[in-house]
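Notes follow once the structure below has been shown.
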Amino acid sequence: MSETRIVDAVIVGAGFAGLYMLHRLRGLGLSAQVFEAGADVGGTWYWNRYPGARCDVESMQYSFSFSDELQQEWRWTERFAGQPEILRYASHVADRFDLRRDIQFGTRVTSAVFDEAAGRWSIKTDRGNHVSAAFCIMATGCLSAGRVPDITGIDGFGGKSYHTGQWPHEGVDFTGQRVAVIGTGSSAIQSIPVIAEQAAHVFVFQRTPNFSVPARNGPLRPEYEHEWKSSYPERRERARTLKSGIIYNFGETSAMAVSAEERQREYEARWQTGGISLLSAYNDLAVNKASNDTAAEFVRDRIRSIVHDPTVAELLLPTNHPIGTKRICVDTGYYETFNRSNVTLVNLRASPIEAVTQGGIRTQDAEYAVDSIVYATGFDAMTGSLLKVDIRGRDGLPLAQKWAEGPRTYLGLMTAGFPNLFTITGPGSPSVLSNMIVSIEQHVEWIANCLAYLRSQGIACMEATAAAEQAWVAHVNEVAHQTLYPQANSWYMGANIEGKPRVFMPYIGGVGVYRQTCDTVAANGYEGFSLTLSLEKGYPPVASAAAE
Ligand code: N01
Numbered sequence: 013m014s015e016t017r018i019v020d021a022v023i024v025g026a027g028f029a030g031l032y033m034l035h036r037l038r039g040l041g042l043s044a045q046v047f048e049a050g051a052d053v054g055g056t057w058y059w060n061r062y063p064g065a066r067c068d069v070e071s072m073q074y075s076f077s078f079s080d081e082l083q084q085e086w087r088w089t090e091r092f093a094g095q096p097e098i099l100r101y102a103s104h105v106a107d108r109f110d111l112r113r114d115i116q117f118g119t120r121v122t123s124a125v126f127d128e129a130a131g132r133w134s135i136k137t138d139r140g141n142h143v144s145a146a147f148c149i150m151a152t153g154c155l156s157a158g159r160v161p162d163i164t165g166i167d168g169f170g171g172k173s174y175h176t177g178q179w180p181h182e183g184v185d186f187t188g189q190r191v192a193v194i195g196t197g198s199s200a201i202q203s204i205p206v207i208a209e210q211a212a213h214v215f216v217f218q219r220t221p222n223f224s225v226p227a228r229n230g231p232l233r234p235e236y237e238h239e240w241k242s243s244y245p246e247r248r249e250r251a252r253t254l255k256s257g258i259i260y261n262f263g264e265t266s267a268m269a270v271s272a273e274e275r276q277r278e279y280e281a282r283w284q285t286g287g288i289s290l291l292s293a294y295n296d297l298a299v300n301k302a303s304n305d306t307a308a309e310f311v312r313d314r315i316r317s318i319v320h321d322p323t324v325a326e327l328l329l330p331t332n333h334p335i336g337t338k339r340i341c342v343d344t345g346y347y348e349t350f351n352r353s354n355v356t357l358v359n360l361r362a363s364p365i366e367a368v369t370q371g372g373i374r375t376q377d378a379e380y381a382v383d384s385i386v387y388a389t390g391f392d393a394m395t396g397s398l399l400k401v402d403i404r405g406r407d408g409l410p411l412a413q414k415w416a417e418g419p420r421t422y423l424g425l426m427t428a429g430f431p432n433l434f435t436i437t438g439p440g441s442p443s444v445l446s447n448m449i450v451s452i453e454q455h456v457e458w459i460a461n462c463l464a465y466l467r468s469q470g471i472a473c474m475e476a477t478a479a480a481e482q483a484w485v486a487h488v489n490e491v492a493h494q495t496l497y498p499q500a501n502s503w504y505m506g507a508n509i510e511g512k513p514r515v516f517m518p519y520i521g522g523v524g525v526y527r528q529t530c531d532t533v534a535a536n537g538y539e540g541f542s543l544t545l546s547l548e549k550g551y552p553p554v555a556s557a558a559a560e
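So for the sequence shown, the numbering used here puts the first residue at 13; every next one is plus one.
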């Protein structure tokens with residue numbers, strides 16, 4: 013017989029979302045238990061320790077705004093922070109707000125089942141925990157379920173294999189090794205230049221070339237830090253109203269409204285500045301193919317000018333999707349790496365991988381002997397980490413079954429039939445199309461305010477209505493199809509996972525518009541949600557422990 017803990021809320025995951033959610037629930041006087049699979053806080057930044065891992069949103073913006081003391085006291089060292097520094101920041105936040113005492117590490121939530129009679133969630137873990145919670149809050153991240161492709165012979169490889177999203181904590185020394193990197197997404201594009209400096213030889217196995225822009229990272233200038241810190245509240249407020257939640261220098265005209273020379277100058281200036289502001293040069297790059305083509309061609313030209321071997325340059329040119337419709341990559345010396353004599357680009361379009369062998373990788377026309385294989389092959393994005401948990405709602409319906417044709421949510425916050433279950437930055441919310449921390453803060457604050465409201469009204473059960481969900485799913489789709497995004501076979505569309513439904517998962521309406529929608533819904537008494545009064549006033553009573 014095991015002990016059942018009774019709490020107000022279980023939070024799954026101790027990344028930035030889980031940490032802040034815990035902090036806010038404590039502020040409401042609610043009891044919460046966080047479960048985290050990793051041995052420490054940090055979420056995506058705990059797991060993704062591959063060489064060169066770095067954020068592509070500037071440090072001054074990729075940080076919490078909820079505490080002015082925190083944002084004033086923390087000092088970033090670089091314009092774009094590397095993974096170790098972001099992890100130190102997450103750890104600092106956990107210490108500063110004394111969060112660790114409610115987090116059980118090294119524990120994976122295996123199931124969350126809604127007990128209709130009790131009106132509570134029954135949550136179990138791989139460490140034998142059993143918790144009964146009024147609310148279950150999924151803070152599991154959008155890019156947390158790493159994916160290794162199903163290639164023949166993978167298990168028989170005699171060397172070492174790594175996935176970028178589950179990198180060994182002690183690091184990897186590739187000195188003297190022949191290394192294969194499979195994939196050319198953001199993780200690969202960041203890690204390849206670093207691995208190439210160490211390894212004897214790197215073989216880059218590319219199926220689809222991606223667009224990448226230079227980060228031009230460097231030490232954070234004290235004047236720049238001061239500029240931000242002296243007006244943080246205003247800047248944070250502005251970021252919350254923007255489409256991506258990131259302040260850039262936004263162009264206000266169509267790319268078609270200016271001359272070719274002017275466009276060239278503008279793109280060139282942004283290329284020199286570094287980071288993804290290239291995509292903000294004009295206001296129609298995401299919606300007008302002709303405009304988009306001008307930016308895409310600019311980047312292709314840069315690739316041609318950087319890469320010395322014209323055959324290799326040609327293979328690196330992205331041509332099968334509009335720029336920005338797959339997450340644009342931000343690199344440090346990626347294209348330059350192909351000028352090194354110890355780097356070989358293998359074109360999988362011409363000759364696909366047939367098998368991983370004991371000694372390396374065999375493609376249709378060659379065999380590559382390698383000591384290590386790096387799988388930079390991405391994630392089962394947005395739904396993968398949610399569906400890894402056996403979540404069951406009313407009538408025992410598994411979430412996986414409900415979402416068999418693609419995720420369905422109301423506002424990306426709740427899904428009908430799963431009362432009192434919240435998803436932070438879930439599908440149907442801006443999440444991965446935005447500065448994740450801005451979106452996390454907005455969701456956490458909305459959920460916290462919502463729980464305070466439920467308590468004040470004596471409401472025990474909240475659930476998205478099927479009609480509101482239907483309308484939101486239609487809206488998410490409609491907005492996506494007004495843009496060029498659905499033209500790409502991206503992980504936003506579920507296209508990187510065989511058999512996954514092709515649905516544009518994030519909400520592309522922008523974080524500013526989305527925030528207003530969420531606020532209006534709340535102001536109107538949580539319209540679109542059904543709210544059921546408790547028999548007693550307030551939540552079901554909270555006890556510290558009860559026997560099962
Ligand atoms: O994963 P990806 P990622 N054979 O899915 C290839 C965020 N992120 O980890 O396109 C051969 O983008 C696949 O090829 P193809 C960011 O949002 C942010 O790199 O399917 N190749 C592709 O090239 C990003 O978008 C940061 O043809 C295979 C690659 O693997 C997201 O995480 C840094 C294959 C997967 O690319 C995911 O990025 C890192 C196969 N069987 C990540 N299967 C920053 O903040 C897959 N591929 C900077």
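Don't be surprised by glycine CBs; every beta carbon is placed ideally from N, CA and C. Just so we're clear, the structure is a prediction, and the values are computed from it rather than from any experiment.
Distance between residue j and residue i (C-alpha atoms, nearest Å)
| i | j | result |
| --- | --- | --- |
| Ala-559 | Trp-133 | The pLDDT assigned to Ala-559 is 31, lower than 50, so where the model puts this residue is not dependable, and the model offers no usable value. |
| Arg-420 | Lys-414 | 8 Å |
| Ser-266 | Ala-307 | 12 Å |
| Gly-41 | Ala-21 | 11 Å |
| Gly-429 | Ala-146 | 15 Å |
| Pro-205 | Arg-17 | 49 Å |
| Gly-524 | Leu-466 | 25 Å |
| Met-394 | Arg-87 | 31 Å |
| Ser-289 | Arg-61 | 26 Å |
| Tyr-49 | Gly-438 | At residue 49 the sequence reads Ala, which differs from the Tyr that was named. Looking at the two C-alpha atoms, the distance is approximately 19 Å. |
| Val-401 | Tyr-538 | 27 Å |
| Gln-210 | Leu-111 | 38 Å |
| Thr-544 | Asn-432 | 11 Å |
| Gly-11 | Ala-500 | In the structure as shown, the chain starts at 13 and stops at 560, and residue 11 therefore has no counterpart that could be examined. |
| Val-488 | Gly-424 | 10 Å |
| Lys-338 | Leu-327 | 18 Å |
| Thr-532 | Leu-411 | 27 Å |
| Ile-403 | His-142 | 14 Å |
Residue range of the alpha helix (DSSP H) that includes residue i
| i | result |
| --- | --- |
| Ile-449 | 448–469 |
| Met-33 | 28–39 |
| Lys-301 | 301–318 |
| Asp-80 | 80–85 |
| Gln-45 | No alpha helix (DSSP H) holds Gln-45; the beta strand (DSSP E) holding it covers 44–47. |
| Val-324 | 322–328 |
| Leu-411 | 411–414 |
Residue i - DSSP class collapsed to helix/strand/coil
| i | result |
| --- | --- |
| His-213 | strand |
| Arg-139 | coil |
| Tyr-387 | strand |
| Glu-510 | coil |
| Met-394 | coil |
| Ala-479 | helix |
| Ile-149 | strand |
| Val-488 | helix |
| Ser-199 | helix |
Proximity below 8 Å, CB of residue i to CB of residue j
| i | j | result |
| --- | --- | --- |
| Ser-156 | Ser-397 | yes |
| Met-150 | Thr-369 | no |
| Gly-390 | Gly-197 | yes |
| Leu-360 | Thr-375 | yes |
| Val-358 | Phe-126 | no |
| Gln-189 | Asp-114 | no |
| Ala-208 | Val-355 | yes |
| His-542 | Glu-475 | Correcting the residue identity first, residue 542 is Ser in this sequence and not His. Against a cut-off of 8 Å, the Cβ pair of Glu-475 and Ser-542 comes out as a contact. |
| Ser-242 | Gly-263 | no |
| Ala-24 | Ser-103 | Per the sequence shown, residue 24 should be read as Val rather than Ala. The answer is no: Cβ separation not under 8 Å. |
| Asp-377 | Gln-202 | no |
| Ser-144 | Lys-136 | no |
| Ala-106 | Leu-31 | yes |
Beta-ladder partner(s) of residue i, from DSSP
| i | result |
| --- | --- |
| Asp-343 | Pro-226 |
| Asp-167 | For Asp-167, which the question treats as bridged, DSSP gives no partner whatsoever. |
| Thr-544 | Cys-473 |
| Arg-66 | Gly-94 |
First and last residue of the uninterrupted beta strand (DSSP E) at residue i
| i | result |
| --- | --- |
| Tyr-380 | 379–381 |
| Gly-524 | Segment 523–535 is the alpha helix (DSSP H) holding Gly-524; no beta strand (DSSP E) there. |
| Ile-98 | Here Ile-98 belongs to no beta strand (DSSP E); instead the alpha helix (DSSP H) covers 95–108. |
| His-175 | 172–175 |
| Ala-124 | 121–127 |
| Ala-367 | 365–368 |
| Glu-15 | 15–24 |
Residue i Cβ short of 7 Å to the ligand ADP heavy atom set
| i | result |
| --- | --- |
| Ala-200 | Ligands in the displayed structure: the ligand N01; the ligand ADP is not one of them. |
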